[in-house]
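In the numbering used here, the protein residues as written are 124 to 467.
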């Protein structure tokens, strides 16, 4: 005698794309609505260790061997192109005021480019650890964009200080150039170095961005671009030197010391910029980041502070390793041509 009551069932709309990715994701929701789903970033940095442990042993060994082979070949290319670059610089400029001034002027730009922003440097390490903590690819994209934007704020201030007060910074690393005494060419070298430091000031920005790109790509298992990047910088620097020579219409040996120093600094900047462009292109292709899009949001401040906590100790450690070279330059500034024999 009981009447059966039929309750209305909720209408569930599901699609193959939505069920494959997950109904809780934005891509699945967009597919369920019939809209066009945006491509997701290609990054497996958030994959857990137990998932990696379940992979077949043979596949894991093959992956490690392939990565080692690629990184090894890229490292050899970097060393060979670096040798060509040094031989070319020695043949074009020799031991003189141009290379002497360049050795002092590139201390800080090279510090940000190779020490802080190089492979296995502080920015690379901090970014690698921070990305590994993220479980979603979209969080990785937000981290890269926000950290790149927040780091550029202090980096811009440092670059502006180098551009406005180059002589003050050079006196710290090369007090002998400012003193009159055993080095009569000190005034010329100081003028060339000041001009070069102004030109190379943007390398502070390229250095930190390169380090962030290195760490993000390595964390997402992309090893070719970070490994081949120094070789690209060497090739770009050599090509820029020859391009500037043809643009001037005269050989570099016939230029004045100031013009030759300007060409050398510009070629250094071109090499640094080429590394940033390569990292940005790969990040854009893999949909990991829109590298040059500013993302200064207060809600991202916490993850920026967490990354800085990793960055500061590694930066101090890396700086301590370079103190011997900086000390050598400090004493070498009293003798003409001494710094030109040291690699920048």
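Glycine is no exception: its CB is placed at the ideal position from the N, C-alpha and C atoms.
Please read these numbers as outputs of a predicted model, since none were measured by experiment.
Buried versus exposed, by CB contacts within 10 Å (16 or more), residue i
i: residue 199; result: exposed
i: residue 221; result: buried
i: residue 404; result: exposed
i: residue 269; result: buried
i: residue 309; result: buried
i: residue 319; result: buried
i: residue 443; result: exposed
i: residue 421; result: exposed
i: residue 447; result: exposed
i: residue 230; result: buried
i: residue 339; result: buried
i: residue 419; result: exposed
i: residue 370; result: exposed
Coarse secondary structure for residue i, derived from DSSP in three states
i: residue 350; result: helix
i: residue 402; result: helix
i: residue 187; result: helix
i: residue 219; result: coil
i: residue 369; result: helix
i: residue 379; result: coil
i: residue 206; result: helix
i: residue 314; result: helix
i: residue 192; result: helix
i: residue 344; result: coil
i: residue 408; result: helix
i: residue 416; result: coil
i: residue 324; result: coil
Close Cβ partners of residue i (< 8 angstroms) along its chain, the five nearest in sequence each way excluded
i: residue 357; result: 201, 204, 205, 207, 208 and 394
i: residue 239; result: 245, 246, 330, 331, 334, 438 and 441
i: residue 450; result: none
i: residue 219; result: 380, 460 and 463
i: residue 424; result: 273
i: residue 445; result: 234 and 238
i: residue 193; result: 346, 347 and 350
i: residue 426; result: 253, 266, 269 and 270
i: residue 293; result: 227, 228, 300, 301, 313, 316, 317 and 320
Among the options, the one whose alpha carbon lies nearest that of residue i
i: residue 440; options: 220, 232, 244 and 320; result: 244
i: residue 380; options: 211, 311 and 362; result: 311
i: residue 388; options: 210, 407 and 361; result: 361
i: residue 227; options: 300, 344, 338 and 398; result: 300
i: residue 215; options: 453, 384, 396 and 428; result: 384
i: residue 188; options: 455, 430, 398 and 346; result: 346
i: residue 402; options: 353, 298 and 426; result: 353
i: residue 429; options: 195, 454 and 257; result: 257
i: residue 457; options: 223, 195 and 212; result: 223
i: residue 262; options: 436, 455, 412 and 382; result: 412
Sequence-distant residues of the same chain with beta carbon closer than 6 angstroms to residue i, five excluded per side
i: residue 364; result: 390
i: residue 324; result: 282, 285 and 286
i: residue 433; result: 249 and 252
i: residue 337; result: 242, 247 and 349
i: residue 342; result: 168, 251, 254 and 255
i: residue 197; result: 350 and 351
i: residue 399; result: 329, 332 and 333
i: residue 455; result: 461 and 462
Same chain only: Cβ atoms within 7 angstroms of residue i, ignoring 5 sequence neighbours per side
i: residue 328; result: 275, 278, 279 and 282
i: residue 416; result: 268
i: residue 289; result: 317, 320 and 321
i: residue 359; result: 393, 394 and 397
i: residue 431; result: none
Length-filtered (4 minimum) alpha helix (DSSP H) runs lying within the region 225 to 298: As far as the region 225 to 298 is concerned, its whole alpha helix (DSSP H) runs of at least 4 residues are 230 to 233, 245 to 255, 260 to 287 and 289 to 296.
Taking the runs of the alpha helix (DSSP H) that are 4 residues or longer, which of them lie wholly in the region 418 to 462? 424 to 444 and 446 to 455
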